[in-house]
Structure formats: structure tokens, C-alpha cells
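Visitor: I'd like to ask you about the structure that follows.
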Amino acid sequence: MTPPSVSANFVGATGADSASLRETLRPQVQGFSPYVPGLSIAEIMERHGLAQVIKLASNENPLGASPVVMRRLKDCAGAAFRYPQAGTPRLRKAIAAKLGVTPDMIVPGNGSDEIIDLLIRVRARPEAEHFLAFSPCFSIYTLQSALQGVAARQVPLGADFSFPFEQLASLATPESALAFVTNPDNPSGHAVPAEAICQFVESLPESCIVVVDEAYVDFALPLETYSMLPHLHKYPNVVVLRTFSKCYGLAGLRLGYGVMHPWLADALMRVRLPFSVNLLAEEAGLAALEDDVFYAETLRVVVEGRGQLSRRLTALGCNVQPSLANFLLFRLPAGCALTARQVFEALLARGVIIRPLESYNLPDALRVSVGTAEENSFFLNALEAILGN
Ligand SMILES: *Cc1c(COP(=O)(O)O)cnc(C)c1O
231 MTPPSVSANF
241 VGATGADSAS
251 LRETLRPQVQ
261 GFSPYVPGLS
271 IAEIMERHGL
281 AQVIKLASNE
291 NPLGASPVVM
301 RRLKDCAGAA
311 FRYPQAGTPR
321 LRKAIAAKLG
331 VTPDMIVPGN
341 GSDEIIDLLI
351 RVRARPEAEH
361 FLAFSPCFSI
371 YTLQSALQGV
381 AARQVPLGAD
391 FSFPFEQLAS
401 LATPESALAF
411 VTNPDNPSGH
421 AVPAEAICQF
431 VESLPESCIV
441 VVDEAYVDFA
451 LPLETYSMLP
461 HLHKYPNVVV
471 LRTFSKCYGL
481 AGLRLGYGVM
491 HPWLADALMR
501 VRLPFSVNLL
511 AEEAGLAALE
521 DDVFYAETLR
531 VVVEGRGQLS
541 RRLTALGCNV
551 QPSLANFLLF
561 RLPAGCALTA
571 RQVFEALLAR
581 GVIIRPLESY
591 NLPDALRVSV
601 GTAEENSFFL
611 NALEAILGN
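Residue 619, in our numbering, is where the sequence shown stops; the numbers in between run on with no holes.
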């Protein structure tokens with residue numbers, strides 16, 4: 231049965247009318263450009279009429295989802311009609327046990343993106359305070375802050391993507407509500423030992439919350455050297471962000487978390503939407519934490535694949551940035567007749583999606599996620615063919 235058409239009722243809401251109504255929206259919303267995600271496989275299949283497309287654009291897990299997680303999702307599908315348990319206590323407990331902290335230090339979210347948004351809203355006073363970050367940085371920090379009327383104070387990364395911590399600290403004032411550090415960094419893969427971040431924290435006022443985004447830290451071995459978690463007990467103003475989107479292979483379910491001192495975790499838990507972590511995501515997260523085999527296999531495939539990509543990109547004359555993450559940033563060989571954008575488009579036509587970096591202000595660079603050995607070879611062969619032409 232066709233529902234009755236309602237479009238006639240909307241005639242009055244088009245044209246000049248809606249333009250003036252739009253002006254009633256908050257100014258931060260009127261000027262807002264949303265996050266630009268990587269292209270999807272379906273989009274490229276359709277655009278280029280391809281039967282097979284590989285996606286190495288969003289740093290997803292090359293092995294897919296863990297079989298343990300898939301079984302758990304099937305087993306729990308029948309519970310989809312229920313609301314999840316408020317505050318996801320089982321997941322908080324399981325994550326805490328894994329990390330060796332207390333459950334009152336864990337804030338689960340709809341991806342770690344939600345925790346970033348919550349931290350800004352809980353801490354930064356609109357139009358009065360700002361946040362500190364390097365430039366370029368993960369765009370969610372700047373986007374969600376701008377939406378709240380919180381300005382950015384940024385210092386450019388070093389030419390080798392190193393972190394000029396002293397310069398960033400020199401921008402700090404009592405109005406610095408938050409500082410973001412991504413370690414390992416996206417899109418470069420550059421990472422520093424946690425000791426360097428400790429020094430940075432100690433050079434800032436304690437009123438500034440330092441958010442250390444460890445979305446990729448699982449791939450930075452040894453973990454104890456790079457993660458801030460072993461140091462968290464010393465700093466009540468430090469937050470560590472982790473996600474299930476990368477190493478745990480759950481990007482589509484949206485699950486991440488922050489680890490922070492209870493004074494701050496309590497604030498986030500009180501203001502967050504009650505069911506932002508859905509019932510299946512919670513179950514999947516619990517199952518993922520139990521599957522040590524899948525986690526170890528992911529690390530093995532990523533570390534090997536990172537070496538494979540790095541060696542062959544270098545052999546092709548590309549300039550490859552050293553990376554401790556599950557992706558590599560590279561520049562085309564000196565004297566290459568094609569721009570990074572053209573190479574990106576040529577790869578799309580051959581069924582390979584990687585990430586152009588104009589949105590990071592790096593128009594001459596490209597980022598490729600580490601795939602399976604076969605996916606990496608397919609990408610490298612396609613690139614070789616493109617550069618050879
Ligand atoms: C992928 C990524 C995240 C994780 O985002 P989710 O919302 O958990 O999927 C966080 N920070 C950075 C820098 C990332 O690249």
C-alpha cells in the first residue's frame with residue numbers, strides 16, 4: 231500500500247522561507263562542515279562498474295570481525311527488543327579488569343568519538359575557553375569543539391610529523407580546557423614513548439585535561455613503552471581514549487571508551503545519553519575482550535603487512551613515513567608526473583580505495599591502511615602499474 235503523499239504540505243517550507251528559518255539556527259551550526267569519511271566500497275563499485283573493490287581507507291581490521299564476536303552477536307540477536315542495561319556495567323567491569331584499573335574509571339561510548347564530544351561539553355566553557363592540539367589533527371577534535379563554540383589553539387607538527395610539545399605548552403593559559411595528543415598519530419603513524427607525554431602533562435596547568443587518543447596504540451609495540459595507562463595514576467587530569475574500531479574489528483558497531491580518574495568519569499557518566507552503547511555493541515565488546523587469539527593474529531598480520539607495504543613502496547621510489555599504526559603515510563616519487571589526487575583516482579578506477587589527505591592539509595600525501603597480504607599486494611601492483619604509465 232502506498233502511503234498518502236505529504237509533499238504538498240511542505241510547499242511552504244521551501245525557498246525563501248527555509249532560508250530565513252535556517253538563519254535562526256546557532257551560528258556554529260550554520261557554518262558547520264561535517265566529518266569527511268573514507269569512500270565506501272558500494273560507492274566505488276557503482277561508480278566504476280567494478281565487481282571487486284578493496285578498501286584500505288579507514289584503518290579497519292584486515293581480518294574482519296572475530297569469529298567469537300560473530301557467534302555472540304547471533305546468540306544475542308533475539309535480545310534486540312530490550313533496552314541495554316543503563317551505564318553498561320558489565321562492559322565497564324570487563325574493560326577495567328583487562329586494563330588493571332577500577333570500573334569507575336571507564337566510560338564506554340558510541341565510538342571514542344562520543345567520548346571526545348563528551349569531554350569537550352563537560353569541560354570547555356563556550357566562547358571563553360579553548361583547546362590545544364597539533365596541526366593537522368584528527369578532525370573530530372576541531373569539529374566537535376567548533377560546534378560548542380570552543381576555539382582551537384594549534385601548533386604545526388614538525389616536518390617529520392614529530393610533536394613540538396614545548397611549543398604547544400607555551401600556548402597554554404588558564405583558559406586551556408583541554409589538550410589533545412594522538413599517539414600513534416593519524417595520519418602519520420608517528421608515535422612517542424609515554425615518558426614524553428608525561429613531561430608535556432607536567433608542563434601544563436593541572437586544570438587542563440590532557441586527552442591522549444590511543445586509537446592505534448595496540449599496534450605500537452611494546453605497548454608499555456607507548457601507552458599512558460601505566461602513568462595514569464599520577465595524573466588526575468589525563469584521559470586515555472581507546473576504541474574497538476581498529477584492533478578489535480568492530481568499527482561498524484561503534485564502541486570505544488575513555489579511561490580517566492573517577493572525578494571526571496563520574497561527570498561523563500552522568501551527562502551522556504543513557505543508551506549510547508547499544509545492547510549488541512556491548513555484547514560484542516565483551517566477546518572481543520575474551521578473544522586473545524584474534525587480537526594476536528591481528529597484530530601479526532598488521533606488523534607483517536606494514537613491513538610489506540613499507541618495503542615495496544620504498545622500492546617504488548615513494549617516501550614512506552615510519553609508522554607504529556595500522557596504516558602508512560607516503561608521498562609519490564620525486565619527479566612523479568601525477569599528483570597524489572590523480573594517483574588516488576587511478577587506484578579507485580582499479581578497485582582500490584585509499585585515503586587522500588587534503589582534509590588534513592597534506593595534499594601531496596596519501597594514507598593506506600594495512601590490509602591482508604593479498605590486499606596489500608593488489609594495491610602495490612595497481613600502484614606500480616599507475617606509476618609506470
Ligand atoms: C579511528 C580513530 C578513532 C576511533 O574512533 P571511533 O569513534 O572509536 O570509531 C579515534 N581517534 C582517531 C585519531 C582515530 O583515527
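We treat Cβ as the ideally placed atom computed from N, Cα and C, and that holds for glycine.
Alpha carbon to alpha carbon, what distance is there between residue 444 and residue 556?
Guide: Indexing the sequence shown from 1 puts residue 556 at position 326. Indexing the sequence shown from 1 puts residue 444 at position 214. Answer to the nearest angstrom: the Cα atoms are 12 Å apart.
Visitor: Who are the Cβ neighbours of residue 331 in its own chain at under 7 Å, not counting the five residues just before and after it?
Guide: To locate residue 331, count along the sequence shown from 1; it is residue 101. Answer for residue 331: 489, listed in chain order.
Visitor: Given 8 Å as the limit, is there contact between the segment 471 to 478 and the segment 516 to 530, that is, 3 or more CB pairs closer than that?
Guide: Yes, the segment 471 to 478 touches the segment 516 to 530.
Visitor: Any residue with its C-beta under 5 Å from a non-hydrogen atom of ligand 1 counts. Can you list them all in chain order?
Guide: Checking every Cβ against the heavy atoms of ligand 1 under 5 Å gives 341, 342, 343, 368, 412, 416, 443, 445, 473, 475 and 486.
Visitor: Whether or not the segment 540 to 551 and the segment 567 to 585 are in contact is what I'm after, with contact meaning three or more pairs of Cβ atoms, one per stretch, closer than 8 Å; do they touch?
Guide: Cβ pair count under 8 Å is below three, so no.
Visitor: Please check the pair residue 585 and residue 287, which I expect to be a contact at CB under 8 Å, by giving their CB distance rounded to whole angstroms.
Guide: If you number the sequence shown from 1, residue 585 lands on position 355. If you number the sequence shown from 1, residue 287 lands on position 57. Correct: roughly 5 Å between the Cβ atoms.
Visitor: What are the uninterrupted segments assigned as alpha helix (DSSP H) that are 4 or more residues long and contained completely in the segment 555 to 585, given in chain order?
Guide: With a minimum length of 4 residues, the continuous alpha helix (DSSP H) runs that stay inside the segment 555 to 585 are 570 to 579.
Visitor: Tell me which residue opens and which closes the alpha helix (DSSP H) that residue 443 is part of.
Guide: By one-based count along the sequence shown, residue 443 stands at place 213. That residue, residue 443, is in no alpha helix (DSSP H); its beta strand (DSSP E) goes 439 to 443.
Visitor: Since residue 507 and residue 314 are thought to touch, with beta carbons under 8 Å apart, how far apart are those beta carbons, to the nearest angstrom?
Guide: Against the sequence shown, residue 507 aligns to sequence position 277. Against the sequence shown, residue 314 aligns to sequence position 84. Sure, about 7 Å apart at Cβ, within 8 Å.
Visitor: Between which two residues does the beta strand (DSSP E) holding residue 339 run?
Guide: As a first step, residue 339 must be located in the sequence shown, where it is residue number 109. Unbroken beta strand (DSSP E) run through residue 339: 336 to 339.
Visitor: Can you find the residues in the same chain that come closer than 8 Å, C-beta to C-beta, to residue 225, ignoring five residues on each side of it along the sequence?
Guide: Coverage of the chain is limited to positions 231 through 619, which leaves residue 225 absent and any answer about it impossible.
Visitor: For the 8 Å Cβ check, are there 3 or more pairs between the segment 382 to 390 and the segment 355 to 369?
Guide: Enough Cβ pairs lie closer than 8 Å, so yes.
Visitor: Are residue 417 and residue 559 close, meaning C-beta to C-beta below 8 Å?
Guide: Here the question's residue 417 lines up with position 187 in the sequence shown. Here the question's residue 559 lines up with position 329 in the sequence shown. Closer than 8 Å, so yes.
Visitor: May I have the straight-line CA-CA distance separating residue 587 from residue 367, to the nearest angstrom?
Guide: Taking the first residue of the sequence shown as position 1, residue 587 is located at position 357. Taking the first residue of the sequence shown as position 1, residue 367 is located at position 137. Approximately 12 Å between the Cα atoms of the pair.
Visitor: From the DSSP output, which residues share a beta bridge with residue 590?
Guide: Indexing the sequence shown from 1 puts residue 590 at position 360. In DSSP, residue 590 forms no bridge with anything.
Visitor: Short of 6 Å in beta carbon distance, which residues of its chain neighbour residue 461, apart from the five on each side in sequence? Order them along the chain.
Guide: The sequence position of residue 461 within the sequence shown is 231, counting from 1. 424 and 428, listed in sequence order.
Visitor: Three or more C-beta pairs closer than 8 Å, one from the segment 432 to 441 and one from the segment 404 to 414: is that the case here?
Guide: Short answer: they touch.
Visitor: At which residue ranges does the segment 494 to 563 contain complete beta strand (DSSP E) runs of 3 or more residues, listed in the order of the chain?
Guide: Entirely contained in the segment 494 to 563, the beta strand (DSSP E) runs reaching 3 residues are, in chain order, 557 to 561.
Visitor: Kindly list the residues whose CB is nearer than 8 Å to the CB of residue 533, restricted to its own chain and excluding five residues on each side of it in sequence; keep chain order.
Guide: Walking along the sequence shown from the start, residue 533 turns up at place 303. Correct list, in chain order: 449 and 451.
Visitor: If we define contact as Cβ-Cβ less than 8 Å, is residue 479 a contact residue for chain B?
Guide: Any reference to chain B falls outside this structure, which holds one protein chain only.
Visitor: Quick one: measure Cβ to Cβ for residue 539 and residue 600, integer angstroms, because I've assumed they're closer than 8 Å.
Guide: Start at 1 with the first residue of the sequence shown, and residue 539 comes out as number 309. Start at 1 with the first residue of the sequence shown, and residue 600 comes out as number 370. Contact holds; Cβ gap of about 6 Å.
Visitor: Between residue 410 and residue 442, what straight-line distance do the alpha-carbon atoms span, to the nearest angstrom?
Guide: Numbered from 1 along the sequence shown, position 180 holds the residue referred to as residue 410. Numbered from 1 along the sequence shown, position 212 holds the residue referred to as residue 442. Spanning the two alpha carbons is a distance of roughly 6 Å.
Visitor: Does residue 473 come out as helix, strand or coil in the three-state DSSP assignment?
Guide: Looking up residue 473 in the sequence shown gives position 243. Three-state result, residue 473: strand.
Visitor: Applying the criterion that 16 or more other CB atoms from any shown protein chain within 10 Å of the CB defines a buried residue, is residue 374 buried or exposed?
Guide: Taking the first residue of the sequence shown as position 1, residue 374 is located at position 144. Per the 10 Å Cβ criterion, buried.
Visitor: So residue 583 packs on residue 283, CB below 8 Å; how close in whole Å?
Guide: Numbered from its first residue, the sequence shown carries residue 583 at position 353. Numbered from its first residue, the sequence shown carries residue 283 at position 53. So it is a contact: roughly 7 Å between Cβ atoms.
Visitor: Using the C-alpha atoms, what's the distance from residue 509 back to residue 308?
Guide: Counting from one through the sequence shown, the residue named residue 308 turns up at place 78. Counting from one through the sequence shown, the residue named residue 509 turns up at place 279. Straight-line Cα distance between these residues: approximately 11 Å.
Visitor: Could you compute how far the alpha carbon of residue 541 sits from the alpha carbon of residue 334?
Guide: Against the sequence shown, residue 541 aligns to sequence position 311. Against the sequence shown, residue 334 aligns to sequence position 104. Approximately 44 Å, taken between the alpha carbons.
Visitor: Alpha carbon to alpha carbon, how far is residue 430 from residue 397? Give it in angstroms, no decimals.
Guide: As a first step, residue 397 is located in the sequence shown; it is residue number 167 there, counting from the start. As a first step, residue 430 is located in the sequence shown; it is residue number 200 there, counting from the start. So the alpha carbons of these two residues sit roughly 10 Å apart.
Visitor: If I measure Cβ to Cβ from residue 571 and keep anything under 8 Å in the same chain, skipping five residues before and after, which residues do I get?
Guide: For the purposes of this step, residue 571 is taken as the residue at position 341 of the sequence shown. Taken in chain order, the residues that qualify are 586, 588 and 593.
Visitor: Should residue 297 go down as buried or exposed, given a rule of 16 or more other Cβ atoms within 10 Å for buried?
Guide: The residue labelled residue 297 in the question sits at position 67 within the sequence shown. That one is exposed.
Visitor: With a CB to CB cut of under 6 Å and the five nearest residues on each side skipped, what residues in its chain are close to residue 338?
Guide: Here residue 338 corresponds to residue number 108 of the sequence shown, with the count starting at 1. Counting only Cβ-Cβ distances below 6 Å, and skipping sequence neighbours, we find 318, 321, 487 and 507.
Visitor: Going by DSSP, name the residue or residues bridged to residue 597.
Guide: Your numbering for residue 597 matches position 367 in the sequence shown. Note: residue 597 sits in a beta bridge opposite 559 and 585.
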